[in-house]
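Chains as they are written, first to last, in the numbering used here: chain A, 1 to 141; chain B, 142 to 548.
Here is the structure we will look at.
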Amino acid sequence: MTINEIQNEIVEEFNQFDDWMDKYSLLIDLGNSLEGLDEKYKTPQNIIEGCQSRVWLNAEVKDGKIIYEGESDAILVKGLVALLIRVFSGHTPDEILNTDLYFIDKIGLKEHLSPTRSNGLLAMVKQMRIYAIAFKAKGEN
Amino acid sequence: MTKEKIEQIRSEFPILTEQVYKKPLIYFDNAATTQKPKCVVEQINSAYYHLNANIHRGVHYLSQKATEAHEAARQTVAEFLGATKREEVIFTRGTTEAINLVAFSFGEAFCKTGDEIVISVLEHHSNIVPWQMLCERKGLKLRVIPMNEKGELELDEYAKLLNDKTKIVSVAHVSNVLGTVNPVKEIIRIAHEKNIPVLVDGAQAVPHIPVDVIDLDADFYVFSGHKIYGPTGIGALYGKEKWLNAIPPYQGGGEMIATVSFEKTTYNELPFKFEAGTPDYIGSTALATALNYVKSIGIEEIAAYEKELTEYATKRMLEIEGMRIIGTADEKSAVISFLVGKIHPYDIGMLLDKLGIAVRTGHHCAQPLIDSLSIPGTVRASFAFYNTKEEIDSFMEALKRVVMMLS
């Protein structure tokens with residue numbers, strides 16, 4: 001699936017619920033089912049420090065595609081981390097860099113990406129793109 | 142306080158009838174900032190409509206009137222704090238600026254390399270960072286009073302920290318995270334035995350408990366207007382005249398000077414020496430309105446009612462399995478920090494918000510305290526006299542629902 005197909009799929013999954021509570025329950029489920037990041041990757045280098053919660057992100061390249069892994073200490077954030085990984089992981093740097101990230105807005109969870117929430121998510125999205133830029137540069141060399 | 146009285150008080154605060162996400166707002170974030178009664182907002186309007194002229198320098202009628210109102214506001218603040226001299230009250234932008242002022246000016250006058258400053262483990266960043274900046278600037282050392290597991294400062298340890306090198310002690314009257322009411326009178330008495338002055342950060346105390354700077358014998362006492370139903374951007378520093386005279390100005394500019402020439406400038410007398418630039422005379426008069434409003438209800442009554450709310454909420458919260466109240470001091474103000482099981486505070490706060498309940502989550506600008514407790518942060522519910530037991534009941538229902546979702 002392309003990145004946008006995945007985004008659309010997520011939008012559909014969430015938009016079957018009208019009630020915010022059901023959306024959040026789904027997010028909590030996604031957070032709970034995200035495999036935790038291996039302790040060896042929970043390094044200071046991989047930590048994205050938010051004021052409210054912490055996010056860890058690790059990235060590796062396999063066959064030209066970036067594999068992201070991540071975790072957060074807050075379950076709602078972890079649910080969003082799971083979604084971001086589902087969207088971006090397994091794609092090439094170019095695909096990632098050319099993506100317009102719209103699904104979070106469309107499922108009504110935009111507030112979590114607000115800079116004032118300072119939960120580390122916005123910084124995580126930025127970091128995912130920075131990895132893509134870095135791997136792209138490496139690949140071109 | 143009677144139900145009727147509380148209803149009447151609530152009707153003075155229009156924001157309390159707001160809805161968020163189609164649910165009635167329950168505002169339990171009063172330690173961050175308080176809501177404003179109509180009289181305060183009306184005073185701001187009225188001051189701009191009828192009282193707006195730059196003060197202390199105009200010969201014209203309006204300037205005189207504005208000056209008088211600003212100085213009357215200073216008198217109101219002085220009286221509210223129990224101070225006897227109007228000149229001992231300096232208007233600042235708030236607690237943070239007041240502490241920065243003292244840390245800078247006191248530091249300039251009295252501190253040198255090797256000296257020490259004593260603060261406590263439960264301080265807000267605004268009572269840590271200004272002192273750290275002084276330490277860096279002049280090569281001083283910061284010493285920290287520890288606390289016991291209930292969140293009470295250990296006075297024996299405190300006394301041991303004081304020595305010939307200690308230049309000043311700076312402590313919170315009430316902890317913004319734990320709610321602990323610190324024994325500041327005793328802290329001051331102990332410091333004074335060694336002739337060490339004490340600054341008290343009263344940001345969380347002035348709105349909730351009676352404060353008398355003369356009785357406390359505080360050398361400096363600071364607070365913010367917005368936490369006591371007044372406007373943002375105004376607060377005050379009370380300082381004993383002898384100290385305020387002994388320390389240099391914090392900022393230079395208009396208003397704070399006596400004479401200026403390119404060779405030499407002489408400074409104005411107290412309180413103007415510390416109020417460079419056009420003062421916030423709109424804010425000061427609205428702050429006075431807020432203080433008079435609090436006075437009209439009675440700070441003793443407010444304290445008693447908020448204690449009732451805090452005790453009721455604490456008792457009800459303990460119904461929840463896995464509830465951990467962070468901060469269980471014997472003397473506690475209207476602040477309850479908590480955690481439930483292993484649930485992250487952010488998750489609880491986000492979901493409570495969706496149910497219309499405003500609480501604060503995180504480290505509450507007291508990172509060293511949170512780190513010392515080895516927790517990721519807390520959820521904090523903090524009350525004001527317009528909150529009710531019914532709101533606490535709704536909060537409890539919401540909290541139980543949220544905890545169920547997250548467990």
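Think of the CB as a built atom: it goes at the ideal place given N, C-alpha and C, for glycine as much as any other residue.
Cross-strand partners of residue i (DSSP beta bridge)
i        : result
B:Arg521 : B:Ser478 and B:Arg501
B:Leu514 : Answer is none; B:Leu514 lacks a bridge partner.
B:Lys473 : B:Thr321
B:Cys307 : According to the sequence provided, residue 307 of chain B is Thr. The question's Cys does not apply to it. Partner(s): B:Glu257.
B:Pro165 : B:Gln160
A:Gly70  : A:Leu57
A:His91  : A:Ile66
Residue range of the beta strand (DSSP E) that includes residue i
i        : result
B:Ala377 : Gly376 to Gly380
B:Tyr362 : Phe361 to Ser365
B:Ala399 : Ile398 to Val401
A:Gly62  : The question names Gly, yet the displayed sequence has Lys at residue 62 of chain A. Start and end: Arg54 to Lys62.
B:Ala172 : Element bounds for B:Ala172: n/a, residue is neither H nor E.
B:Arg284 : Lys282 to Ile286
B:Phe526 : That residue, B:Phe526, is in no beta strand (DSSP E); it is neither H nor E in DSSP.
B:Leu340 : Val339 to Asp342
Given residue i as reference, the closest of the options once Cα atoms are compared
i        : options                                   : result
B:Ile286 : B:Thr208, B:Glu277 and B:Pro324           : B:Pro324
B:Trp272 : B:Lys291, B:Glu249, B:Met288 and B:Glu290 : B:Glu249
B:Glu257 : B:Gln345, B:Lys335 and B:Arg284           : B:Arg284
B:Ala210 : B:Pro420, B:Val341, B:Asn336 and B:Phe251 : B:Pro420
B:Ala470 : B:Lys291, B:Lys368, B:Ser204 and B:Asp170 : B:Lys291
B:Asp305 : B:Tyr189, B:Ser311, B:Lys335 and B:Glu538 : B:Lys335
B:Ala194 : B:Ser515, B:Tyr422 and B:Glu462           : B:Tyr422
B:Ile375 : B:Ala507, B:Lys308, B:Thr233 and B:Glu531 : B:Thr233
B:Gly482 : B:Lys414, B:Gln508, B:Ile461 and B:Pro338 : B:Ile461
B:Lys495 : A:Ala137, A:Ser25 and A:Phe14             : A:Ser25
B:Gln160 : B:Leu547, B:Ala507 and B:Gly497           : B:Gly497
A:Asp63  : A:His91, A:Glu12, A:Leu30 and A:Asp105    : A:His91
A:Leu80  : A:Glu140, A:Phe135, A:Leu57 and A:Ile66   : A:Leu57
B:Gly468 : B:Glu404, B:Leu319 and B:Glu410           : B:Leu319
B:Tyr162 : B:Cys506, B:Leu510, B:Val347 and B:Met491 : B:Met491
A:Leu34  : A:Val125, A:Asn4 and A:Leu84              : A:Leu84
B:Tyr379 : B:Phe415, B:Met397 and B:Pro348           : B:Phe415
B:Ala346 : B:Ser316, B:Phe245, B:Ala507 and B:Lys164 : B:Ser316
B:Ala344 : B:Phe364, B:Gln508, B:Met546 and B:Leu510 : B:Phe364
A:Asn32  : A:Glu5, A:Glu12 and A:Gly70               : A:Gly70
A:Glu49  : A:Ile6, A:Leu122, A:Thr99 and A:Gly139    : A:Leu122
Nonlocal neighbours in the same chain, by C-beta distance under 6 Å from residue i, ignoring five residues either side
i        : result
B:Ala300 : Ile331
B:Ala207 : Leu192, Ala194, Ile196 and Tyr422
A:Phe17  : Lys23
B:Ile150 : Tyr527
B:Asp360 : Pro338, Val339, Lys381 and Trp384
8 Å CB neighbourhood of residue i in its chain, flanking five on each side removed
i        : result
B:Gly223 : Val352, Asp353, Val354, Ile355 and Asp356
A:Trp20  : Gly108
A:Met1   : Glu9
B:Thr400 : Thr406 and Thr407
B:Ile533 : Leu450, Tyr453, Ala454 and Arg457
B:Lys383 : none
B:Ile156 : Leu166, Tyr168, Gln176 and Lys177
B:Ile328 : Leu294, Leu296, Tyr299, Val310, Val312 and Val339
B:Asn289 : Glu295
A:Ile28  : Ile75, Leu76 and Gly79
Opening and closing residue of the alpha helix (DSSP H) in which residue i lies
i        : result
B:Lys456 : Ile440 to Met458
B:Glu404 : Run containing B:Glu404: none; DSSP gives neither H nor E here.
B:Ser535 : Lys530 to Leu547
A:Asp22  : Trp20 to Ser33
B:Asp488 : Pro486 to Lys495
A:Gly139 : Leu121 to Glu140
A:Lys78  : Ile75 to Phe88
B:Lys144 : Lys144 to Ser152
B:Phe221 : Tyr202 to Leu222
B:Val354 : Val354 to Leu357
B:Met274 : Val270 to Lys279
B:Thr236 : Thr236 to Phe251
B:Phe232 : Note, B:Phe232: premise wrong, no alpha helix (DSSP H); beta strand (DSSP E) at Val230 to Thr233.
B:Glu183 : Lys179 to His191
Proximal residues to residue i (C-beta, below 7 Å), its chain only, five neighbours per side dropped
i        : result
B:Ala431 : Val181, Gly366, Ile369, Tyr370 and Gly371
B:Ala387 : Ala250
B:Cys252 : Leu275, Lys279, Leu281 and Lys308
### Sufficient close CB pairs (3 or more, under 8 Å) joining the stretch 227-236 of chain B to the stretch 269-285 of chain B
Taking 8 Å as the limit for Cβ pairs, the verdict is that the stretch 269-285 of chain B does not touch the stretch 227-236 of chain B.
### Meets three-Cβ-pair contact criterion under 8 Å: the stretch 436-455 of chain B and the stretch 517-527 of chain B
Yes, they touch.
### Query
Taking contact to mean at least 3 C-beta pairs separated by less than 8 Å, is the stretch 482-499 of chain B in contact with the stretch 67-75 of chain A?
Two segments are said to touch when three or more pairs of C-beta atoms, one from each, lie closer than 8 Å; by this definition the stretch 482-499 of chain B touches the stretch 67-75 of chain A.
### Task
Check whether the stretch 537-545 of chain B touches the stretch 183-191 of chain B, counting contact only when three or more Cβ pairs, one atom from each stretch, lie closer than 8 Å.
Contact between the stretch 537-545 of chain B and the stretch 183-191 of chain B is absent, with fewer than three C-beta pairs closer than 8 Å.
### Query
Below 8 Å, can you find three or more Cβ-Cβ pairs linking the stretch 36-48 of chain A to the stretch 505-523 of chain B?
No: fewer than three Cβ pairs fall under 8 Å.
### Message
With a threshold of 8 Å, are at least 3 pairs of Cβ atoms found where one atom belongs to the stretch 234-245 of chain B and the other to the stretch 427-441 of chain B?
### Response
Too few Cβ pairs lie closer than 8 Å, so no.
### Query
Taking one C-beta from the stretch 83-98 of chain A and one from the stretch 52-66 of chain A each time, how about it: are there three or more such pairs within less than 8 Å?
Because the criterion of three Cβ pairs below 8 Å is met, the stretch 83-98 of chain A and the stretch 52-66 of chain A touch.
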